[in-house]
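**Student:**
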Amino acid sequence: MVTFFTCIAFMGFVAWYSWSKTRGKISTSSGYFLAGNGLTGLFIGGSLLLTNISTEQLIGQNGMTYAGNMTPMAWEIWAVRGIILLAVLFLPMYLGGAFPTMPSFLQSRYGSGTQRLVVGLLLFGYLFVLSPSVLYGGSLALMKILNVQEMTGLSQIQSLWLVTVIIGIIGAIYAIFGGLRAVAISDTLNGIGLLVMGCLIPIFGLVALGNKLGGGIRTAMYEITTTHTYKLNAIGTGNEHDAIPISAVFTGLLVMAVFYWGTNQFIIQRALGAASLKEGQKGLLLAGFFKIIIPFLAMAPGLITFHLLGPEITPTDMAYPALVAETLPAPLLGLFIAVLLGAVFSTYNSLLNSSATMFAIDIYKLLINKNADDHKLISIAKNFAIGAAILTILGAPNLINAPEGIFIFIAKFSGFVAIPIACLIMLGLFAQNLRIPHIAAQFIIIFHIVNYYTLVWGFEKMGIVIPMHWMHTFSILFLVETAIVIIWSLKWPHHESFSHRHNPKVEMAPWRFSMLISAVLLSLASLTYVVFSNVGVAYQGGVVSPNFWLPFGFALLNCIAFCCWANTWLQRKYESFVAKHWSRPSEN
Numbered sequence: 005m006v007t008f009f010t011c012i013a014f015m016g017f018v019a020w021y022s023w024s025k026t027r028g029k030i031s032t033s034s035g036y037f038l039a040g041n042g043l044t045g046l047f048i049g050g051s052l053l054l055t056n057i058s059t060e061q062l063i064g065q066n067g068m069t070y071a072g073n074m075t076p077m078a079w080e081i082w083a084v085r086g087i088i089l090l091a092v093l094f095l096p097m098y099l100g101g102a103f104p105t106m107p108s109f110l111q112s113r114y115g116s117g118t119q120r121l122v123v124g125l126l127l128f129g130y131l132f133v134l135s136p137s138v139l140y141g142g143s144l145a146l147m148k149i150l151n152v153q154e155m156t157g158l159s160q161i162q163s164l165w166l167v168t169v170i171i172g173i174i175g176a177i178y179a180i181f182g183g184l185r186a187v188a189i190s191d192t193l194n195g196i197g198l199l200v201m202g203c204l205i206p207i208f209g210l211v212a213l214g215n216k217l218g219g220g221i222r223t224a225m226y227e228i229t230t231t232h233t234y235k236l237n238a239i240g241t242g243n244e245h246d247a248i249p250i251s252a253v254f255t256g257l258l259v260m261a262v263f264y265w266g267t268n269q270f271i272i273q274r275a276l277g278a279a280s281l282k283e284g285q286k287g288l289l290l291a292g293f294f295k296i297i298i299p300f301l302a303m304a305p306g307l308i309t310f311h312l313l314g315p316e317i318t319p320t321d322m323a324y325p326a327l328v329a330e331t332l333p334a335p336l337l338g339l340f341i342a343v344l345l346g347a348v349f350s351t352y353n354s355l356l357n358s359s360a361t362m363f364a365i366d367i368y369k370l371l372i373n374k375n376a377d378d379h380k381l382i383s384i385a386k387n388f389a390i391g392a393a394i395l396t397i398l399g400a401p402n403l404i405n406a407p408e409g410i411f412i413f414i415a416k417f418s419g420f421v422a423i424p425i426a427c428l429i430m431l432g433l434f435a436q437n438l439r440i441p442h443i444a445a446q447f448i449i450i451f452h453i454v455n456y457y458t459l460v461w462g463f464e465k466m467g468i469v470i471p472m473h474w475m476h477t478f479s480i481l482f483l484v485e486t487a488i489v490i491i492w493s494l495k496w497p498h499h500e501s502f503s504h505r506h507n508p509k510v511e512m513a514p515w516r517f518s519m520l521i522s523a524v525l526l527s528l529a530s531l532t533y534v535v536f537s538n539v540g541v542a543y544q545g546g547v548v549s550p551n552f553w554l555p556f557g558f559a560l561l562n563c564i565a566f567c568c569w570a571n572t573w574l575q576r577k578y579e580s581f582v583a584k585h586w587s588r589p590s591e592n
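According to the numbering used here, the sequence shown holds residues 5 to 592 in order.
#1: So what does DSSP say about E511, is it helix, strand or coil?
#2: Ends of the alpha helix (DSSP H) at Q285?
#3: Once the 5 residues before and after A71 are set aside, which same chain residues still bring their CB inside 7 Å of it?
#4: Confirm the yes/no value for this check: CB of P96, any heavy atom of the ligand ZN, distance under 7 Å.
#5: Leaving out the 5 sequence neighbours to the left and right, which residues in its chain are closer than 8 Å to A570 when beta-carbon positions are compared?
#6: Reducing DSSP to helix, strand and coil, say where A238 ends up.
#7: Could you check the C-alpha separation between I205 and I367 for me, to the nearest Å?
#8: Quick one: Cα of F556 to Cα of W82, how far?
#9: I177: which of L327, G462, N353, A360 sits nearest, CA to CA?
#10: Would L146 and V169 qualify as a contact pair, given that the criterion is a beta-carbon distance under 8 Å?
#11: Identify the residues that DSSP records as bridge partners of A570: which are they?
#12: Is it a yes or a no for the region 469–485 touching the region 253–262, going by three-plus beta-carbon pairs under 8 Å?
#13: Whose CA, out of A360, V262, I468, lies closest to the CA of R85?
#14: Can you tell me the Cα-Cα spacing of T75 and G242, whole angstroms?
#15: Does A326 come out as helix, strand or coil in the three-state DSSP assignment?
#16: Ends of the alpha helix (DSSP H) at T118?
#17: For W79, does the count of other Cβ atoms within 10 angstroms reach 16, so buried, or fall short, so exposed?
#18: Would L62 pass as a contact of A302 if the rule is Cβ separation under 8 Å?
#19: Return the chain-ordered list of same chain residues with a C-beta closer than 8 Å to the C-beta of V152, the five sequence neighbours on each side being excluded.
#20: Measure the alpha-carbon distance for I412 versus Q65 and round it to whole angstroms.
#21: Cα-Cα, which of A583, P497, Y234, L345 is closest to V539?
#22: Just verifying my parser: in three-state terms, what is the DSSP assignment at G266?
#23: Can you tell me which of the three DSSP states D378 falls into?
#24: Thinking C-beta only, is G287 closer than 8 Å to G49?
#25: Suppose you measure from the CA of L332 to the CA of F300; what does that come to, to the nearest Å?
#26: Less than 8 Å between the CB atoms is what I'm expecting for I114 and I429, so what's the real figure, rounded?
#27: Would you mind reading off the limits of the alpha helix (DSSP H) that contains P424?
#28: Give me the Cα-Cα distance between G266 and Q160, rounded to the nearest whole angstrom.
#29: From the DSSP output, in three-state form, read off G256 for me.
#30: Nearest to S116 by CA position, among L370, L290, Y264, is which residue?
#31: With a CB to CB cut of under 8 Å and the five nearest residues on each side skipped, what residues in its chain are close to L127?
#32: Report the three-state DSSP secondary structure of W79 (helix, strand or coil).
#33: Have a look at T298 and L53 and give me their C-alpha separation to the nearest angstrom.
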């Protein structure tokens with residue numbers, strides 16, 4: 005009863021506060037889709053935190069760490085590269101061009117045919133991969149934590165359907181009737197709860213492990229850092245415990261970071277609602293610090309569970325819920341359930357809202373009713389979101405049969421969308437003088453779909469083994485597709501040249517510390533890998549290697565020098581670049 009009360013109380017407060025702050029403020033399409041360009045850095049950062057941390061991180065990455073080691077942190081730590089690119093390069097372009105959606109930029113650069121293909125790709129990914137995955141992961145975890153099968157007497161699949169329908173309906177209400185402002189406000193409140201509970205769960209886990217060993221937290225930490233130390237290694241070399249090789253950090257993960265943070269609609273839509281470029285950069289770089297913290301929230305519990313409960317938990321995705329149920333007292337368990345639901349609602353809401361935005365603006369207004377006013381667009385978006393929610397609810401429970409787990413399922417299917425979009429966006433941004441034919445961009449999208457499927461799944465079904473991790477396919481196809489577009493454009497250039505017609509609607513002065521904070525984020529990411537290596541805490545025979553402090557000190561000094569250079573020379577160059585290219589309306 006205490007668990008139920010604390011859960012309902014927290015969720016009720018979030019719902020009431022979000023409703024009170026959005027009442028009467030979403031009567032225009034700008035207010036519904038972009039929060040009226042009024043979001044501050046704190047709201048953007050908090051919203052991005054919970055939008056990005058959802059059940060696939062909490063459940064999937066803890067499961068991978070429980071079964072393997074710390075190599076999954078690469079997905080989180082090195083995401084800062086994509087965040088930095090969005091903050092310092094993509095965001096000035098988007099705000100300077102006042103594009104409400106990423107496909108709008110592609111339409112201005114590559115024509116309406118390319119835009120429709122991209123919108124179709126994104127909607128496919130949102131509706132058939134991301135939304136069902138997020139909803140499924142949250143429903144599965146909640147079903148296990150609350151023992152819904154025992155409470156109701158239903159079978160596992162029936163219990164999963166029941167929880168999925170309830171969460172799907174409640175979560176859709178935020179997005180459908182509140183627009184982006186409601187989602188952003190609820191995200192910030194839930195983000196606070198997620199940080200608090202995310203930090204408490206490892207602490208309670210360490211206390212429980214210490215009690216098991218006859219000591220305290222210090223005893224538990226010593227146990228983790230001196231026994232089974234291979235689980236603390238984040239530098240994958242291709243052995244059986246590695247979820248991802250370190251080489252993928254420089255190949256596929258880099259491409260994925262560019263797409264996910266630089267071009268992905270449901271991520272960048274927060275920043276597009278910023279009150280100014282400075283506020284957008286503050287919020288994005290704040291989210292970068294959250295990404296550095298995430299491994300300790302989304303992976304440390306998996307390590308603790310291994311030492312506390314042993315290696316017998318199956319499936320491994322149940323490691324995190326098992327630790328929660330084992331260690332949290334009833335009042336905090338209720339708050340955790342509320343936070344878990346908040347994480348599900350956040351990503352689910354964002355996907356529904358972004359899908360509705362793209363359909364209303366990039367399909368309905370462009371192809372069906374060019375004269376639609378704001379009220380009509382909002383009505384269409386809400387109707388589409390309702391249909392998308394129903395489709396997601398019907399598809400989510402079927403993912404219980406996903407062969408490789410929910411996190412890898414999402415990562416692999418994201419490759420259909422990530423690579424061609426990242427290719428076209430990067431060329432559109434950095435090769436403005438390249439006269440790219442529209443047909444070349446459309447060809448690349450279709451070329452990619454066929455070849456990506458063949459390399460990742462097709463050859464395997466034909467019995468052909470490719471001795472290469474599937475993440476490397478991302479970078480190979482990215483380079484090949486970029487080369488095809490460049491060669492095509494040089495050989496058969498488009499008949500018209502292209503230049504951005506930017507018209508900023510917000511203040512475009514960059515944040516004074518944007519380069520310094522970017523350098524700090526990259527430095528923290530690099531130092532984290534020194535710590536979680538065979539010379540650091542993964543060393544066998546002690547807490548760290550006797551040689552640890554020499555490479556760590558050398559890396560630290562280089563990081564300090566890098567940050568000083570970024571805050572002086574690089575910051576001045578960057579401010580001049582933004583003032584020259586993006587601060588004023590174009591004359592043409």
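Beta carbons are placed, not taken as given, at the ideal position from N, Cα and C, and that holds for glycine.
**Tutor:** Reading off the structure:
#1: As a working note, residue 511 is residue 507 in the sequence shown. Three-state DSSP puts E511 in a strand.
#2: As a position in the sequence shown, residue 285 is number 281, starting the count at 1. Q285: member of the alpha helix (DSSP H) spanning 281–302, first to last residue.
#3: If you number the sequence shown from 1, residue 71 lands on position 67. Same-chain partners within the cutoff: T320.
#4: This structure simply doesn't include the ligand ZN, nor any ligand for that matter.
#5: If you number the sequence shown from 1, residue 570 lands on position 566. Taking C-beta separations shorter than 8 Å and ignoring five residues to either side along the sequence, the partners of A570 in its chain run M519, L520, S522, A523, following chain order.
#6: Here residue 238 refers to the residue found at position 234 when the sequence shown is read from its first residue. If DSSP states are grouped into helix, strand and coil, A238 belongs with coil.
#7: By one-based count along the sequence shown, residue 205 stands at place 201. By one-based count along the sequence shown, residue 367 stands at place 363. Distance between the alpha carbons of I205 and I367 is about 44 Å.
#8: One-based indexing of the sequence shown puts residue 556 at position 552. One-based indexing of the sequence shown puts residue 82 at position 78. Going by the C-alpha atoms only, they are around 19 Å apart.
#9: The count along the sequence shown starts at 1 and reaches residue 177 at position 173. Closest by alpha carbon: N353.
#10: In the sequence shown, the residue the question calls residue 146 occupies position 142. In the sequence shown, the residue the question calls residue 169 occupies position 165. Taking a C-beta distance under 8 Å as the contact criterion, L146 and V169 do not qualify as a contact pair.
#11: For this step, residue 570 is matched to residue 566 along the sequence shown. Under DSSP, A570 takes part in no beta bridge, so it has no partner.
#12: Contact between the region 469–485 and the region 253–262 is present: 3 or more CB-CB pairs across the two stretches fall below 8 Å.
#13: In the sequence shown, the residue the question calls residue 85 occupies position 81. Nearest C-alpha to R85: V262.
#14: For the purposes of this step, residue 75 is taken as residue 71 along the sequence shown, with counting starting at 1. For the purposes of this step, residue 242 is taken as residue 238 along the sequence shown, with counting starting at 1. Rounded to the nearest angstrom, the two C-alpha atoms are 10 Å apart.
#15: Stepping through the sequence shown from its first residue, residue 326 is reached at position 322. Three-state DSSP puts A326 in a helix.
#16: Translated into positions along the sequence shown, residue 118 becomes position 114. For T118, the enclosing alpha helix (DSSP H) has its first and last residue at 116–129.
#17: Here residue 79 refers to the residue found at position 75 of the sequence shown. That one is buried.
#18: As a first step, residue 62 must be located in the sequence shown, where it is residue number 58. As a first step, residue 302 must be located in the sequence shown, where it is residue number 298. Contact flag set, yes.
#19: To locate residue 152, count along the sequence shown from 1; it is residue 148. Contacts found: L146, L158, S163, L166, V167.
#20: Start at 1 with the first residue of the sequence shown, and residue 412 comes out as number 408. Start at 1 with the first residue of the sequence shown, and residue 65 comes out as number 61. Roughly 10 Å separates the two Cα atoms.
#21: Translated into the one-based positions of the sequence shown, residue 539 becomes position 535. When A583, P497, Y234, L345 are compared, the shortest CA-CA separation from V539 is found for Y234.
#22: The residue you call residue 266 lines up with position 262 of the sequence shown. Of the three classes helix, strand and coil, the one that applies to G266 here is helix, per DSSP.
#23: For the purposes of this step, residue 378 is taken as the residue at position 374 of the sequence shown. Of the three classes helix, strand and coil, the one that applies to D378 here is helix, per DSSP.
#24: Your numbering for residue 49 matches position 45 in the sequence shown. Your numbering for residue 287 matches position 283 in the sequence shown. Taking C-beta atoms as the reference points, G49 and G287 count as a pair closer than 8 Å.
#25: Here residue 332 corresponds to residue number 328 of the sequence shown, with the count starting at 1. Here residue 300 corresponds to residue number 296 of the sequence shown, with the count starting at 1. Cα-Cα distance, rounded: 18 Å.
#26: The residue you call residue 114 lines up with position 110 of the sequence shown. The residue you call residue 429 lines up with position 425 of the sequence shown. The sequence shown places Tyr at residue 114, rather than the Ile named in the question. At roughly 10 Å, the Cβ-Cβ gap does not stay under 8 Å, so Y114 and I429 are not in contact.
#27: Here residue 424 refers to the residue found at position 420 of the sequence shown. Its alpha helix (DSSP H) spans residues 410–434.
#28: By one-based count along the sequence shown, residue 266 stands at place 262. By one-based count along the sequence shown, residue 160 stands at place 156. Going by C-alpha positions, G266 is about 39 Å away from Q160.
#29: As a working mapping, residue 256 is identified with position 252 in the sequence shown. G256 falls in the helix class under three-state DSSP.
#30: For the purposes of this step, residue 116 is identified with residue 112 of the sequence shown, where counting begins at 1. When only C-alpha atoms are compared, the closest one is L370.
#31: Position 123 of the sequence shown holds residue 127. If we look at L127 and ignore the five residues flanking it on each side, its Cβ neighbours are S359, M362, F363.
#32: Sequence index remark: in the sequence shown, residue 79 carries index 75 (1-based). It is helical.
#33: Residue 298 sits at position 294 when you count from the first residue of the sequence shown. Residue 53 sits at position 49 when you count from the first residue of the sequence shown. First, the residue type needs correcting, since residue 298 is Ile and not Thr in the sequence shown. Roughly 9 Å separates the two Cα atoms.
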